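*Asks:* Residues are numbered in my numbering as their position in the sequence shown, beginning at 1, plus a constant of 1. Backbone N, C-alpha and C fix where the C-beta goes; we use that ideal spot for every residue, glycine too. Just so you know, these numbers come straight off a predicted model, no measurement behind them.
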Amino acid sequence: MFKVITSIPVLTLPAYVALDNVGALLTFPIDANTKSIVLKRLTVIDAAVQDEAYLLHLFTASPSAGARTDADPYVPVAADLALKVASFSILAADYLDSASDSIAIYELDTAIVLTSDDLFGVLECIATPDYVAVDDLTIKLLVEIR
Numbered sequence: 002m003f004k005v006i007t008s009i010p011v012l013t014l015p016a017y018v019a020l021d022n023v024g025a026l027l028t029f030p031i032d033a034n035t036k037s038i039v040l041k042r043l044t045v046i047d048a049a050v051q052d053e054a055y056l057l058h059l060f061t062a063s064p065s066a067g068a069r070t071d072a073d074p075y076v077p078v079a080a081d082l083a084l085k086v087a088s089f090s091i092l093a094a095d096y097l098d099s100a101s102d103s104i105a106i107y108e109l110d111t112a113i114v115l116t117s118d119d120l121f122g123v124l125e126c127i128a129t130p131d132y133v134a135v136d137d138l139t140i141k142l143l144v145e146i147r
């Protein structure tokens, strides 16, 4: 069974500093009692057409405050790294722009063993995005439930 899971980070306005967390903790709800998933696709939709580069870090449980506080540097501790199951680069050159938004799509095949009913994420900016609306970004994961 496949499922699309969406998380919309609540953005701080107007600007972030390079290597900041963007939008605090992202939660991707998975079905209860699911033991493993395979990430099949990562989609980033940018309503501000900024085409910013990011790193998306995924965890099996919520990381500590230093790794997830919005507009603060991404500073994971050892316990956070033990929870990390994947990181993905989102490159500025990979966005396709339209008049209204831009989108970056990555085909994946990443198996993850779950320890809770949710997958957690932190979006780390590489440059200095300056969004005009708190909901300018959308992160979608297509997962295969196993």
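Given Y107, which residues of its chain have a CB within under 6 Å of its CB, disregarding the five upstream and five downstream residues?
*Replies:* L43
*Asks:* Leaving out five residues on either side along the sequence, give the residues of the same chain with a beta carbon under 8 Å from the beta carbon of A48.
*Replies:* S101, D102, A134, D136, D137, L138, T139
*Asks:* Just curious, the alpha helix (DSSP H) that L82 is in, first and last residue?
*Replies:* 79–84
*Asks:* Determine the burial state of R147: buried for a count of at least 16 other Cβ atoms within 10 Å of its Cβ, exposed for fewer.
*Replies:* exposed
*Asks:* Provide the residue(s) that pair with V123 in DSSP beta bridges, ordered along the chain.
*Replies:* H58
*Asks:* Taking the Cβ atom as the reference point for each residue, do L26 and L120 lie within a distance shorter than 8 Å?
*Replies:* It is not a contact, given that the beta carbons lie outside the stated cut-off.
*Asks:* Looking at I127 and A16, is the spacing between their C-beta atoms short of 8 Å?
*Replies:* no
*Asks:* Is the Cβ-Cβ distance between T98 and D21 less than 8 Å?
*Replies:* In the sequence under discussion, the amino acid at residue 98 is Asp, which differs from the Thr named in the question. Contact: no.
*Asks:* Step through the CB atoms of chain B and report whether any lies within less than 8 Å of the CB of D110.
*Replies:* Chain labels in this structure do not include chain B; a single protein chain is all it has.
*Asks:* A105: buried (16+ other C-beta within 10 angstroms of its C-beta) or exposed?
*Replies:* buried
*Asks:* Roughly how many angstroms separate the alpha carbons of V39 and T13, rounded to a whole number?
*Replies:* 31 Å
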